Every structure is written in structure tokens, then in C-alpha cells.
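Notes to accompany the following structure.
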Amino acid sequence: MENLPERLTNKSIEAFLMGLEVYNKPTIHYRVEGFSFFICNAWELMLKAHLVKQYGNDSIYFNDNPNRTISLENAIKEVFTNNKDPLRNNLEKIIELRNTSTHFITEDYEIIYAPLFQACVFNFIEKMSDFHQIDVTNYVTQSFLSLVIKEDDLDPSLIRAKYSTETAERLLSTKKELKELEKGNNPSFAIEINHNFYITKKVNHADATVRIAKDGEIPVQIIKEQKDPSNTHKYSQGHCVKEINKILSREKVGFEYYDPINKKTRRKFTTGDFQLFLKFYELKTNERYTYRHVIGNMVSYSYSFPTIEFIVNEVRKDPKHVVKNVKREMKKRT
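Below is the structure:
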């Protein structure tokens with residue numbers, strides 16, 4: 000007998016991988032439309048498989064038309080019943096993009112939708128694991144899950160000069176609407192993607208390297224541009240810890256720490272661990288990872304997504320002993 004959920008999830012993963020492949024090819028001019036189409040298809044198939052497992056085959060068909068399956072919008076409302084859920088809001092905005100007439104969509108839409116696309120990728124991986132116990136990272140390398148983006152800003156005057164009035168105003172109003180929604184700083188809705196370049200002697204701390212060729216033909220300028228910390232460093236300590244645990248769980252890293260005082264083993268990364276890593280690796284002194292907010296005598300900190308990535312990478316190296324080892328090395332410094 001056919002296993003319908005299995006067939007749906009297999010097709011869902013294939014659509015997801017197609018979306019990644021389309022988006023990570025910068026030479027494709029219609030990758031925004033292509034990605035939104037495939038990622039919506041992937042979610043629709045995955046959510047329908049979940050509904051079939053929970054409520055049976057009839058749950059994905061309309062009562063008055065048993066030959067017609069429900070839409071993605073219907074499936075989202077069935078599964079994610081809270082209409083303020085950032086994950087649901089993320090999907091609904093991408094559906095709006097998918098449904099937008101293609102002649103209105105320009106390459107500049109990529110700039111405003113990239114943070115939503117990146118969050119949508121991670122949300123899909125998480126829910127495929129939660130609903131179907133399938134680890135999508137077994138089908139694709141980890142690096143491929145970080146989307147390749149066009150980094151730029153949308154100058155209203157340039158946009159209005161570049162496009163027709165209707166297209167320009169639609170693009171700018173969409174940008175304004177999404178920026179308002181992103182102020183909630185919830186990584187299930189949007190994840191800012193940054194490629195930062197620094198001059199450093201520690202090559203192992205760099206994401207990429209470049210060199211200066213004195214006979215080079217292409218001029219390069221070193222610039223320092225102020226960025227809005229609400230975009231670049233949007234994570235609170237609590238958000239960071241939550242995201243670290245989600246990634247460790249999703250990747251089945253097997254983190255644990257034996258507490259010699261309580262004589263218990265815990266398998267959750269805690270705020271205490273987070274503070275330990277910040278102190279040991281001096282992340283609070285590095286503007287790539289930490290932003291210091293000062294209001295009068297009050298000081299608070301927020302963190303960038305690279306902070307989460309850095310800590311997860313360190314945990315991956317030795318998940319069962321990393322906290323113990325860091326604590327031991329910290330004692331040597333005192």
C-alpha cells in the first residue's frame with residue numbers, strides 16, 4: 000500500500016533542494032521568483048504530509064470537492080493556528096511574493112526578501128525534523144544552506160529613476176512593510192545575512208581572505224560603513240541560546256556537560272555557557288559579534304548571527320567536553 004506521507008515528504012525535499020539550487024546561482028536573473036515558487040511548494044507538500052499523518056488522507060481535500068486538495072494557505076492555518084506566529088508570518092509574506100505578478104518583481108526584491116528567505120530555509124529544516132523526523136542536512140552540505148545574496152541598499156531616488164512609478168512604489172512600500180515586521184527581531188521571521196570583512200592577522204578567524212596585488216588592475220577601496228545594530232546585531236542573549244540549542248538539536252551534535260556540584264549531566268546549552276564563551280573568546284570586545292548599547296548609565300548588549308555560528312562551531316569540535324575544557328582554560332588565566 001502506498002505511503003502517502005513518505006511520497007509527499009520526498010517530493011517536498013526535492014522542491015526544497017531545487018529552491019536552494021536556483022537561489023545559489025547568482026547568474027539566474029529570476030532566482031527570487033524561482034526560490035519563492037519552490038520553497039512554497041516544499042512547505043505545501045511537507046505540511047500536507049503532516050496533516051495526513053495526524054488526521055488521515057481526507058484532511059488535505061476540500062469537503063465539498065474530494066478531488067481538490069487544500070492550498071498552502073489553508074495548510075498553514077491548519078498547522079500554525081496562531082496568526083501572530085513569526086514562522087507563519089514569514090511564510091505568508093513569501094506566499095504574497097510568489098503570488099505577485101511576475102512583471103512587478105525585479106532583481107532588487109532579493110535585497111529585501113533575503114532575510115526572510117534565510118529564516119524560511121532554517122524553519123523548513125526544523126519543521127521537517129519536528130513533523131517527520133527527517134534531517135534535511137543529510138541531503139545537502141551545511142554551507143549550501145546559507146544563501147548567496149546581493150548586498151546593496153535600496154535608495155528610493157535610484158529605484159524611482161530605474162523603474163516605472165507603479166513598480167518602484169510597490170517595491171519601496173514592500174521594503175517599508177517588511178522592515179516594520181523585522182523590528183520584532185525574531186529569527187523565525189527574518190535573519191540578516193552579512194558578509195563582513197576585517198583586516199586581521201588571524202587568518203583562521205576570517206570567513207574569507209583577499210590579498211593586495213600591487214600590479215592589480217582593479218582598484219579596491221577600504222571602507223567603514225555604519226550599520227543599524229537592530230539589523231546586524233538583533234539577537235538578545237536569550238535568543239542566542241535558543242538558536243544555539245535549535246541548531247545543536249537539528250544537527251544531532253550531542254552536546255552535554257556534567258555538573259560536578261549537582262552531579263548531573265545536562266544536554267542543553269545555557270545562558271551560563273553563553274557568558275562563558277563570550278568571556279573566554281572575548282566576543283564582547285569584537286564589534287562583529289557584540290553591540291554595546293549605552294543609555295545614560297545603563298549598558299546592554301545585543302549579538303549578531305555570527306556569534307551563534309561561532310559558538311556552534313566551537314561546540315561541534317568537542318560537544319561532550321567543550322564547556323569543561325573552556326572552564327579549565329579560564330582558570331589558567333586567573
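Numbering (numbering that gives the first Met the number 0), first residue to last: 0 to 333.
Built from N, CA and C at the ideal position, the CB exists for glycine as well.
As the structure is a computational prediction, the values presented were derived from the model and not from experiment.
Contact between the segment 52–72 and the segment 21–34 is absent: fewer than 3 CB-CB pairs across the two stretches fall below 8 Å. Secondary-structure assignment with DSSP links Arg327 through no beta bridge to anything. When the five nearest sequence neighbours on each side are left out, the beta carbons in the same chain lying within less than 7 Å of the beta carbon of Met127 are those of Met45, Ile133, Val135, in order along the chain. Annotated three-state conformation of His320 is coil, per DSSP.
In the DSSP annotation of this structure, Asn66 is not part of any alpha helix (DSSP H); the continuous beta strand (DSSP E) holding it starts and ends at 64–68. Under the three-state reduction of DSSP output, Phe121 falls in the helix class. Straight-line measurement puts the Cα of Glu328 at about 35 Å from the Cα of Ala118.
Between the alpha carbons of Ile111 and Pro85 lies a distance of about 17 Å. Cβ-Cβ distances below 8 Å link Thr8 to Leu44, Met45, Ala48, Met127, His131, Ile133 in the same chain, with the five nearest sequence neighbours on each side left out; the list follows chain order.
Distances from the alpha-carbon of Glu286 to those of Ser303, Met297, Ser299 put Ser303 closest. Asn40 sits buried, since 16 or more C-beta atoms from the chains shown fall within 10 Å of its C-beta. Residue burial annotation: Leu96 is buried, with at least 16 other C-beta atoms found within 10 angstroms of its C-beta. The bridge partners DSSP lists for Tyr300 are Arg291.
Spatial neighbours of Val139 in its own chain (CB-CB distance under 8 Å, excluding positions within 5 residues in sequence) are listed in chain order as Leu16, Leu19. In the structure shown, Thr8 adopts helical secondary structure according to DSSP, grouped into three states.
Distance between Glu313 and Val51, taken at the CA atoms: about 40 Å.
Taking the C-beta atoms as reference points, Ile190 is found nearer than 8 Å to Pro114. For Arg97, the enclosing alpha helix (DSSP H) covers residues 85–98.
Around the beta carbon of Val311, 16 or more other beta carbons sit within 10 angstroms, so the residue counts as buried. The continuous alpha helix (DSSP H) containing Lys174 extends over residues 164–181.
In terms of Cα proximity to Gly55, the closest of Tyr257, Leu170, Pro4, Leu247 is Pro4.
Ranked by Cα distance from Ile75, the first of Asp63, Trp42, Phe103, Lys182 is Trp42. Nearest to Leu247 by C-alpha distance, out of Ile294, Gln236, Thr284, Lys319, is Lys319.
The three-state secondary structure of Tyr54, taken from DSSP, is helix.
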